[in-house]
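Peer 1:
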Amino acid sequence: YEREYSGTGISEMIKIAICDDQKEYLDTAKNLITQYGAEKDVPFDITEFSNPSDLLDETVEYDIYLLDVCMPGITGMSLATELRAKRIESPIVFLTSYSDYAVQAFGVNATHYIVKPYTKEEFFKGVDKALAAININSPKTIKLKIEGGYKTILVYNIVWSESNDHYQIISLLNGEKLSVRISATELADKLSPFGCFYQCGKTYIINLDYIDKLSSNSAALTSGDNLVIPRTAFKGLQTAYFDYFGRR
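Its first residue numbered 16, the sequence shown is counted upward by one per residue in the working numbering.
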């Protein structure tokens with residue numbers, strides 16, 4: 016999907032998670048987000064969490080995260096680190112009573128850092144930055160024709176695909192499989208700009224980010240799949256894998 020953001024008005028609902036163990040600040044943040052949405056015509060879907068473990072267990076990926084830093088059990092910094100480890104790149108704005116966590120905030124690629132008690136203007140500035148980051152870092156997608164129409168797919172959700180006659184069976188991160196009438200070469204061409212995919216022989220296209228282990232004749236993926244790789248194609252896959260992570 017793509018959003019249009021120019022400072023006023025967004026065409027799609029923005030899912031935002033607020034996590035703070037203090038109800039006073041949780042309510043304040045929710046109220047200010049609601050005010051922001053009303054004043055700037057931004058449609059927000061707000062979910063509140065008073066326990067960071069509940070947010071960490073959440074299967075929904077939010078567009079923006081507002082996190083308190085000092086919380087019992089899991090700190091906001093640890094929570095942010097866990098979110099990044101799950102490949103969630105959404106903007107994170109920290110809300111905290113302490114200013115000495117700023118350096119750590121940059122370590123998890125935080126978008127903004129707001130010290131409590133904050134003013135409406137300070138809060139709005141943080142939301143402005145988060146929305147701008149969504150626009151800049153809008154998820155990379157491809158559009159594929161499936162039975163009954165077209166489907167837009169987030170590229171990082173594609174784990175691997177397998178040729179089956181004139182179709183490609185695409186395996187997604189959530190376990191879903193899509194059958195797309197397209198050649199392996201055409202699909203590889205669509206994915207090549209993103210840099211993380213390798214066409215392995217005539218059968219597979221593999222997202223190198225999801226390779227867990229390579230052996231002499233197989234590729235074990237983090238999804239739990241184990242792909243048997245033809246001997247003639249294995250060396251090319253191995254080279255592509257090490258080149259990719261060498262560049263990173």
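C-beta: ideal position from N, C-alpha, C; glycine also.
What's the C-alpha gap between Cys85 and Asn66?
Peer 2: 11 angstroms
Peer 1: State buried or exposed for Gly91, treating a residue as buried only when at least 16 other CB atoms are found within 10 Å of its CB.
Peer 2: buried
Peer 1: Given a cut-off of 8 angstroms on the beta-carbon distance, is the pair Ile29 and Phe64 in contact?
Peer 2: no
Peer 1: Taking DSSP as the reference, what is the three-state secondary structure of Val118?
Peer 2: Model confidence at Val118 stands at a pLDDT of 48, short of 50, so the residue's coordinates are unreliable and nothing is read from them.
Peer 1: Going by the beta-carbon positions, is the gap between Leu229 and Tyr256 smaller than 8 angstroms?
Peer 2: yes
Peer 1: Which stretch, first to last residue, makes up the alpha helix (DSSP H) that contains Gln50?
Peer 2: 38-55
Peer 1: At the level of alpha carbons, what is the spacing between Asn232 and Tyr171?
Peer 2: 25 angstroms
Peer 1: Straight-line CA distance for Ala147 to Phe138?
Peer 2: 14 angstroms
Peer 1: Pull up the CB-CB distance for Val68 and Ile89, whole angstroms please, since I reckon it's below 8 angstroms.
Peer 2: In the sequence as presented, Val is not what sits at residue 68; that position holds Ser. Between Ile89 and Ser68 the Cβ distance is about 6 angstroms, and since that is below 8 angstroms, they are a contact.
Peer 1: Where are the alpha helix (DSSP H) runs, 4 residues long or more, that stay fully inside the segment 173-219, in chain order?
Peer 2: 199-206
Peer 1: Determine, using beta carbons only, whether Cys215 and Asn222 come nearer to each other than 8 angstroms.
Peer 2: no
Peer 1: For Lys30, which three-state DSSP category applies?
Peer 2: strand
Peer 1: Would you kindly work out how many angstroms separate the C-alpha atoms of Ile161 and Val174, rounded to a whole number?
Peer 2: Distance between the alpha carbons of Ile161 and Val174: 18 angstroms.
Peer 1: State yes or no: is the C-beta of Ala235 within less than 8 angstroms of the C-beta of Ile244?
Peer 2: no
Peer 1: With 16 as the cutoff for other CB atoms within 10 Å, does Phe249 come out buried or exposed?
Peer 2: Per the 10 Å Cβ criterion, buried.
Peer 1: DSSP has Phe109 in a bridge; who is on the other side?
Peer 2: Leu82, Tyr128
Peer 1: May I ask you to report which of helix, strand or coil DSSP gives Asp227?
Peer 2: strand
Peer 1: Enumerate in chain order the residues of its own chain whose CB-to-CB distance from Lys144 is below 7 angstroms, with the five nearest sequence positions on each side excluded.
Peer 2: Thr126, His127
Peer 1: With distances taken between CB atoms, is the gap from Glu177 to Tyr219 smaller than 8 angstroms?
Peer 2: yes
Peer 1: Kindly list the residues whose CB is nearer than 8 angstroms to the CB of Asp240, restricted to its own chain and excluding five residues on each side of it in sequence; keep chain order.
Peer 2: Val174, Trp175, Ser186
Peer 1: Within its chain, find whatever has a CB closer than 7 angstroms to the CB of Arg102; leave out the 5 residues flanking it on each side and keep chain order.
Peer 2: Result list for Arg102: Tyr171, in chain order.
Peer 1: So, at 8 angstroms on beta carbons, what are the nonlocal neighbours of Lys158 in its own chain, with the 5 sequence-adjacent residues on each side left out?
Peer 2: Excluding five sequence positions before and after Lys158, the CB atoms of its chain that fall closer than 8 angstroms to its own CB belong to Tyr165, Lys166, Thr167, Ile168, given in chain order.
Peer 1: When the Cα of Asn189 is compared with those of Ala53, Asp56, Thr74, Lys38, which residue comes out closest?
Peer 2: The option with the nearest alpha carbon to Asn189 is Thr74.
Peer 1: Would you give the residue range spanned by the alpha helix (DSSP H) that Ser238 belongs to?
Peer 2: Ser238 -> no alpha helix (DSSP H), and no H or E assigned at all.
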